[in-house]
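One structure is given below, encoded as structure tokens.
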Amino acid sequence: MFTGIIEELGTVVSIESQADAIRLTVRGPLATSDVNRGDSISVGGTCLTAVEIDKSAGTFTADVMNETLRLTSLQGIKVGDRVNLERAMTAATRFGGHVVQGHVDGVGHILSIEPSENWSWVRIAIPAELMKYVVLKGSITLDGVSLTVNELSEATGSESDKQGSEPDKQGSYVGVSLIPETLALTTFGVKQPGDLVNVEADVMAKHIERLLEARGI
-17 MFTGIIEELG TVVSIESQAD AIRLTVRGPL ATSDVNRGDS ISVGGTCLTA
33 VEIDKSAGTF TADVMNETLR LTSLQGIKVG DRVNLERAMT AATRFGGHVV
83 QGHVDGVGHI LSIEPSENWS WVRIAIPAEL MKYVVLKGSI TLDGVSLTVN
133 ELSEATGSES DKQGSEPDKQ GSYVGVSLIP ETLALTTFGV KQPGDLVNVE
183 ADVMAKHIER LLEARGI
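Residue -17 is where the sequence shown starts when you use the working numbering, and the numbers rise one by one after that.
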């Protein structure tokens, strides 16, 4: 389990192709400082298991199945790419974000980035089926980053809280505001419109939906 507070920007140093998977090696000195083989690390919002650790080089290696590549923004990852890293939380960890599992629900893409003097406004198109789990001022995880939803719109445009200029209305989207600290310490600082983004909805909303379904509500 994670909190969505990124600890480090890692760098992909090698990718080994296998029959039905890849072996991904990432440099992250902080992430590898106290992890052991078998520990979980969030890589761009995807929970991966560290199968090899080289603390002297500050790297860890994880096996990534083709199914994971197909369903996450890790598809097309290249050597040299930067990735958001977070170690699994402990009982003593400050809960700075929200409950994040590292189980990606879908892949979205960046629609627009509007920079301003003190923050940037970013709109991300997300799969329409995930919109039912999203509420204004609620939490959403994008590429492993816990963020507050400041704008949302259904594909019809019937439910929205408009701020700033008119967005691309071809699909469902959320809008988030990113402070300079977030831009500096996460991959959002280098992302561009069109880039893929892992989306994880709030697990609490999914549990509530399941309970209501079980009661026939």
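Beta carbons: idealized from backbone N, C-alpha and C, even for Gly.
Beta carbon of residue i nearer than 8 Å to that of residue j
i: Glu182; j: Val82; result: yes
i: Val232; j: Phe(-16); result: Coverage of the chain is limited to positions -17 through 199, which leaves residue 232 absent and any answer about it impossible.
i: Ser(-4); j: Val61; result: yes
i: Asp16; j: Ala32; result: no
i: Tyr155; j: Ala187; result: no
i: Val46; j: Val179; result: no
i: Gly79; j: Asp184; result: no
i: Ser102; j: Leu165; result: yes
i: Leu160; j: Val104; result: yes
i: Thr28; j: Gly84; result: yes
i: Ile35; j: Arg69; result: no
Residues that residue i bridges to, as DSSP identifies them
i: Met47; result: Ala3
i: Val89; result: Asn180
i: Trp103; result: Glu96 and Ser159
i: Val127; result: Leu124
i: Ala32; result: Ala44
Cβ-Cβ separation, residue j to residue i (assumed contact under 8 Å), whole Å
i: Asp2; j: Ser55; result: Contact flag wrong, Cβ pair sits at about 19 Å.
i: Leu67; j: Gly(-8); result: 4 Å
i: Gly(-14); j: Val127; result: 6 Å
i: Leu12; j: Val(-6); result: The Cβ separation is near 16 Å, so there is no contact.
Exposure of residue i, with buried meaning 16 or more beta-carbon neighbours within 10 Å
i: Met113; result: buried
i: Leu193; result: exposed
Under the three-state DSSP convention, the category residue i falls into
i: Leu12; result: coil
i: Ile(-12); result: coil
i: Ala110; result: helix
i: Ala265; result: Absent from the structure is residue 265, since the part of the chain shown begins at -17 and ends at 199.
Below-8 Å beta-carbon distance, residue i vs any chain C residue
i: Glu191; result: In the structure shown, chain C does not exist; there is a single protein chain.
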